[in-house]
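Numbering-wise (the working numbering), the sequence shown opens with residue 60 and increments by one. Backbone N, C-alpha and C define an ideal beta-carbon position, used for all residues, glycine too. First the structure, in the form of structure tokens, and then the observations on it.
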Amino acid sequence: MDNYIVSARKYRPATFQSVVGQKSLTTTLKNAIHNHKLAHAYLFCGPRGVGKTTCARIFAKTINCLHPTPEGEACNACESCMSFNEQRSYNIHELDAASNNSVEDIRSLIEQVRIPPQLGKYKVYIIDEVHMLSSAAFNAFLKTLEEPPHHAIFILATTEKHKILPTILSRCQIYDFNRIGINDTVEHLQYVAQQEGVSAEPEALNVIAQKADGGMRDALSIFDQVVSFTGGNISYRSVIENLNVLDYEYYFQLTDNILQGNIGKCFLILNEILSKGFEGQNIVGGLASHFRDLMVCKDPQTIVLFEVGDVIKKRYLELAVRCENPFLYKALEYTNECDLNYRLSKNKRLLVEILLIRLCQLNSSPSSMGDDKKKIAIEPLTAHVASPEKSPEVKQYTENQQQATIASQPAAQKETPPAKAINERLSFSLKDLYEDKKEPVQTQQAPAALESQTNDFTQQELNAAWTAYANQFLKEEQHLQNSMLNSLPRMTDKYAFEVSVYNPEQQQKLTERAPTLLEYLRSQLHNTAISMHISIDESAKDKIFMSDRDRYIQMAEKNPSLHSLANEFGLTLD
Ligand SMILES: [Zn+2]
Numbered sequence: 060m061d062n063y064i065v066s067a068r069k070y071r072p073a074t075f076q077s078v079v080g081q082k083s084l085t086t087t088l089k090n091a092i093h094n095h096k097l098a099h100a101y102l103f104c105g106p107r108g109v110g111k112t113t114c115a116r117i118f119a120k121t122i123n124c125l126h127p128t129p130e131g132e133a134c135n136a137c138e139s140c141m142s143f144n145e146q147r148s149y150n151i152h153e154l155d156a157a158s159n160n161s162v163e164d165i166r167s168l169i170e171q172v173r174i175p176p177q178l179g180k181y182k183v184y185i186i187d188e189v190h191m192l193s194s195a196a197f198n199a200f201l202k203t204l205e206e207p208p209h210h211a212i213f214i215l216a217t218t219e220k221h222k223i224l225p226t227i228l229s230r231c232q233i234y235d236f237n238r239i240g241i242n243d244t245v246e247h248l249q250y251v252a253q254q255e256g257v258s259a260e261p262e263a264l265n266v267i268a269q270k271a272d273g274g275m276r277d278a279l280s281i282f283d284q285v286v287s288f289t290g291g292n293i294s295y296r297s298v299i300e301n302l303n304v305l306d307y308e309y310y311f312q313l314t315d316n317i318l319q320g321n322i323g324k325c326f327l328i329l330n331e332i333l334s335k336g337f338e339g340q341n342i343v344g345g346l347a348s349h350f351r352d353l354m355v356c357k358d359p360q361t362i363v364l365f366e367v368g369d370v371i372k373k374r375y376l377e378l379a380v381r382c383e384n385p386f387l388y389k390a391l392e393y394t395n396e397c398d399l400n401y402r403l404s405k406n407k408r409l410l411v412e413i414l415l416i417r418l419c420q421l422n423s424s425p426s427s428m429g430d431d432k433k434k435i436a437i438e439p440l441t442a443h444v445a446s447p448e449k450s451p452e453v454k455q456y457t458e459n460q461q462q463a464t465i466a467s468q469p470a471a472q473k474e475t476p477p478a479k480a481i482n483e484r485l486s487f488s489l490k491d492l493y494e495d496k497k498e499p500v501q502t503q504q505a506p507a508a509l510e511s512q513t514n515d516f517t518q519q520e521l522n523a524a525w526t527a528y529a530n531q532f533l534k535e536e537q538h539l540q541n542s543m544l545n546s547l548p549r550m551t552d553k554y555a556f557e558v559s560v561y562n563p564e565q566q567q568k569l570t571e572r573a574p575t576l577l578e579y580l581r582s583q584l585h586n587t588a589i590s591m592h593i594s595i596d597e598s599a600k601d602k603i604f605m606s607d608r609d610r611y612i613q614m615a616e617k618n619p620s621l622h623s624l625a626n627e628f629g630l631t632l633d
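What follows is the structure, encoded as structure tokens:
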């Protein structure tokens, strides 16, 4: 590895044939040369590092070649080709407009344009980053571009086509260079690795290609960097460590747990990723790409958009079978929403956690999530919790009843079939229903009962589920949503929590909501024994967390004439 030459320079293509990822464009150029249909000005547009300057140089060499091949390539052997390859040809002039953008720079270039070539037929002027020319320089150049000498050909290159003046655009043949596809990049890196005697796992090269985002020059420079820290043995693991890329394994694990509705496990995975120093937004973005890849690989029409290595491809295809399209559409919508809200969010971690909760819900409830009746109806039926003293869970939110709930737990739990994971029970299929009905202990008397679960949960998980409920289902009930978001629950026992609100009105509103709220929390946290106690925080009477109505009531208490004033003028508060 001592005399390692930077790959981007060493493997710069010398023929159109060897340009990676721009096939149709190089074919068009070759045909034009072959048919002697050359224009005086070309505009090469496209992102950085995709081969614009390289193609311009090959073009200049090819049109000056004394013995072009039947395929329209330069022979790379004649005197002209040799001078190009040894960088001593006088028929090529390169101007970097990013650093030489004054009128004087353009004038000295125009001076040279007049002089005909000594050897070969054409002089080629490449102006890189042409959009950087000053407008005075542009104007000076325009005259030459309008009436160029017969032997002069201009190739203008830009990453920003929209900044080119229409007067220039209209005088050029325009070629749009594409980002280079992942597979093309990987293939080329494989070639370079082989030539350099470097061993490289295809998955590792795939990561490099993704990181380079369509630019071959970047891909090769990342490749060089990786070669230098791995001593020429490029493994997937070494690449993700060195490039600080999140292992795709995490996305597979997350998706697995999302499909099972296992919120707790998702939280733990998220925690592990964050503890490795990754940003929440990278995780959200990565998850979005992951869902996107799962979606495009399901459909034979879109599979061309799916660019991953072969080993991982197999895993994607297997996982995609388990993901229904509606799930993927929603998952993409939620991850995208989270991504958009990320910058503005004050509690970014919670935002990602809420995303995970929402994703987990997608599969645990095939019906609309706001519809409580449907949700209850799809729970598999069991006899164990159908005991009449327990069924109207509507009343379970007071502390006293919680005692009764816990007391009736153990018997029920013991008989729960261990093979059925909690999350499986939450998902529903006709088959489940059918099988459950065959069991002799089954009864259809208790459609509203949840099978008992007593998973442990943390304060943080409780907060996340609480917030998710407020944000999802209370959009139309702004006051209640605000009181829920302002009064987070506080765990008082393993399965019990307390909420302190600021006034009786809030207490009443929340109490009315308690049945559906509790049902939601129990299902999210896999714990049917959760109970809630709502109290009024007397000390907080003067706190700012009040609705307009609360404030009005408080003011009216202090000053009863406010009521008559309101009545007099017919003022209302909604
Ligand atoms: Zn030649």
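Legend entry - beta-carbon Ala133 near ligand 1 non-hydrogen atom, thresh 6 Å: Ala133: yes, Cβ under 6 Å from ligand 1.
Inset, instruction - Can you give me the start and stop residues for the beta strand (DSSP E) that Phe103 sits inside? - result: 100 to 104
Legend entry - Coil, strand or helix - Leu215 by DSSP: strand
Inset, instruction - Would you identify the three-state DSSP class for Lys434, choosing helix, strand or coil? - result: Here the model assigns Lys434 a pLDDT of 35, short of 50, so the residue's position is not dependable, and the following value carries that caveat. Looking at Lys434 - three-state DSSP - the assignment turns out to be helix.
Inset, instruction - Confirm, please, whether the CB-CB distance from Leu228 to Val245 is below 7 Å. - result: Result no, Cβ atoms of Val245 and Leu228 do not sit closer than 7 Å.
Inset, instruction - Just the C-alpha distance for Lys497 and Gln518, rounded to the nearest angstrom, thanks. - result: With a pLDDT of only 37 at Lys497, under 50, the local geometry of the prediction cannot be trusted, and the value read off the model is given with reservation. Their backbone Cα atoms lie some 39 Å apart in a straight line.
Legend entry - Alpha-carbon spacing of Asn292 relative to Val304, whole angstroms: 18 Å
Inset, instruction - For Ala115, I'd like the list of residues in its chain whose CB is within less than 7 Å of its CB, leaving aside the five on either flank, ordered along the chain. - result: Phe103, Ile185, Ile214, Ala216
Legend entry - Phe556 - containing beta strand (DSSP E), residue span: Residues 555 to 560.
Inset, instruction - My understanding is that Ala240 touches Glu366, with C-beta atoms under 8 Å, so please give their C-beta distance in whole angstroms. - result: Residue identity differs from the one stated: residue 240 is Gly in this sequence, not Ala. That belief holds up - the Cβ atoms of Gly240 and Glu366 are roughly 6 Å apart, short of 8 Å.
Inset, instruction - Tell me, to the nearest whole angstrom, how far the beta carbon of Val343 is from that of Cys397; I am working on the premise that it is less than 8 Å. - result: 5 Å
Inset, instruction - Give a yes or no on contact between the region 78 to 91 and the region 194 to 205, applying the rule of three or more CB pairs nearer than 8 Å. - result: Judged by Cβ distances under 8 Å, the region 78 to 91 makes no contact with the region 194 to 205, as fewer than three pairs qualify.
Inset, instruction - Please find out if some non-hydrogen atom of ligand 1 comes closer than 6 Å to the beta-carbon of Cys397. - result: The answer is no for Cys397.
Inset, instruction - Counting only the same chain and skipping the five closest in sequence on each side, list residues whose C-beta sits under 7 Å from that of Ala347. - result: Leu391, Thr394, Asn395, Asp398
Legend entry - Given Ala252 as reference, the closest of Asn341, Arg572, Lys96, Val65 once Cα atoms are compared: Val65
Legend entry - Cys356: CB within 6 Å of a non-hydrogen atom of ligand 1: False, no ligand heavy atom lies under 6 Å from that Cβ.
Inset, instruction - Counting only the same chain and skipping the five closest in sequence on each side, list residues whose C-beta sits under 7 Å from that of Ala523. - result: Correct list, in chain order: Leu409, Glu412, Ile413, Ile416.
Inset, instruction - Could you check the C-alpha separation between Arg71 and Ser158 for me, to the nearest Å? - result: 23 Å
Inset, instruction - Check whether the Cβ atoms of Val558 and Ile593 lie closer than 7 Å to each other. - result: yes
Legend entry - Alpha carbon of Phe311 to alpha carbon of Glu578, nearest angstrom: 30 Å
Legend entry - Outcome for Tyr375 when other beta-carbon atoms lying within 10 angstroms are tallied against a minimum of 16: buried
Inset, instruction - Would you identify the three-state DSSP class for Tyr234, choosing helix, strand or coil? - result: strand
Inset, instruction - Name the two residues that bound the continuous alpha helix (DSSP H) containing Asp369. - result: For Asp369, the uninterrupted alpha helix (DSSP H) run begins and ends at 369 to 381, by DSSP.
Legend entry - Rounded straight-line distance, which links the Cα of Arg238 to that of Ile322: Cα-Cα distance, rounded: 38 Å.
Legend entry - Contact set for Phe306: own chain, Cβ-Cβ below 6 Å, skip 5 residues either direction: One point to set straight first is that residue 306 is Asp, not Phe, in the sequence displayed. Ile299.
Inset, instruction - Can you grab the Cα-Cα spacing for the pair Glu474 / Val355, in whole Å? - result: The pLDDT assigned to Glu474 is 39, lower than 50, so where the model puts this residue is not dependable; a value taken from the coordinates is nonetheless given after this. Approximately 43 Å, taken between the alpha carbons.
Inset, instruction - Per DSSP, which residues does Asn36 bridge with? Please list them. - result: The requested residue 36 does not occur in the structure, where the chain is confined to residues 60 to 633.
Inset, instruction - Tell me, please, which residues DSSP counts as bridged to Ser594. - result: Ser559
Legend entry - Residue environment, Val109, which counts as buried when at least 16 other CB atoms sit within 10 Å: Buried, by the Cβ-count rule.
Inset, instruction - With a 10 Å radius around its C-beta and 16 neighbouring C-beta atoms as the bar for buried, classify Glu520 as buried or exposed. - result: buried
Inset, instruction - Can you tell me which of Asn514, Glu138, Pro127 puts its alpha carbon nearest to the alpha carbon of Asn94? - result: Pro127
Legend entry - Cutoff 6 Å; reference Arg230; Cβ partners in own chain excluding five residues on either side: So the list reads Ala100, Leu204, once near-sequence residues are dropped.
Inset, instruction - With 7 Å as the threshold, decide whether the Cβ of Ser161 is near any Cβ in chain B. - result: In the structure shown, chain B does not exist; there is a single protein chain.
Legend entry - Boundaries (first-last residue) of the beta strand (DSSP E) holding His152: 151 to 155
Inset, instruction - Taking only heavy atoms of ligand 2 into account, decide whether any of them is closer than 6 Å to the Cβ of Cys104. - result: Absent from the structure shown: ligand 2. Ligands present: ligand 1.
Legend entry - Whether Gly274 touches Arg107 by CB criterion (7 Å): yes
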